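For the sequence shown, our numbering puts the final residue at 196, and the numbers step up evenly by one.
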Amino acid sequence: MNQYVNKKFSNQYKATIGADFLTKEVQVDDRTVTMQIWDTAGQERFQSLGVAFYRGADCCVLVFDVTAPNTFKSLDSWRDEFLIQASPREPENFPFVLLGNKVDLEPRAISTKKAQQWCQTKNNIPYFETSAKEALNVEQAFKSIARNALSQQAQAVDLYNEFPDQIKLTNTAKSNNSGDSCAC
């Protein structure tokens, strides 16, 4: 996230406590989009905070460390937890992107093929192998994320337009100016 927004990498990694976010304006096709990128803590003890951050999301980025098998094994639970907390209208079509980070490090524990197979079982979500340290594929991954988010928003607008008739509520109570009655 910091590499993408600020073009900086630090070896002194501080684990996210709760959540952190950054914003960045990007050009996607012919549109300028302001991305608000939230980094929610990956530790289970902060998982209950998810509902406050996940609602209204246009895309979800799942990140695992290609050198740490436990981070890959937890992808299913993080994805499921996101879908429960965010309650998207169409969970099976909600846009996800998977990032396999730290591809600059050895030994590698999770192969590209294994990650791609996982993505295929999850409605063919896009997969990018990244290195925040080397800035490898970071820009491309976030362009894909922005496109997926825009696609999600466009689908929501299309759904809204399918139901143009609206119910309008107005207060039609007449005041008798006596001051001793209510409009209920």
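Positions of the beta carbon are idealized from the N, C-alpha and C atoms, including for glycine.
Note that the structure is predicted; figures quoted are calculated from it, not measured.
C-beta contact flag for residue i and residue j at 8 Å
i	j	result
residue 162	residue 38	no
residue 131	residue 106	no
residue 119	residue 79	yes
residue 243	residue 76	What is shown of the chain runs 13 to 196, which leaves residue 243 out entirely.
residue 74	residue 101	no
Distance between beta carbons of residue j and residue i, contact taken as under 8 Å
i	j	result
residue 114	residue 143	6 Å
residue 135	residue 104	7 Å
residue 98	residue 66	4 Å
First and last residue of the uninterrupted beta strand (DSSP E) at residue i
i	result
residue 140	139 to 141
For residue i: DSSP bridge partner residues
i	result
residue 48	35
residue 73	109
residue 148	143
residue 40	43
Interface flag, residue i vs chain D, CB-CB below 8 Å
i	result
residue 81	Among the protein chains of the structure shown there is no chain D, as only one such chain exists.
Boundaries (first-last residue) of the alpha helix (DSSP H) holding residue i
i	result
residue 82	81 to 85
residue 134	Looking at the DSSP string, residue 134 is not in any alpha helix (DSSP H), and its letter there is neither H nor E.
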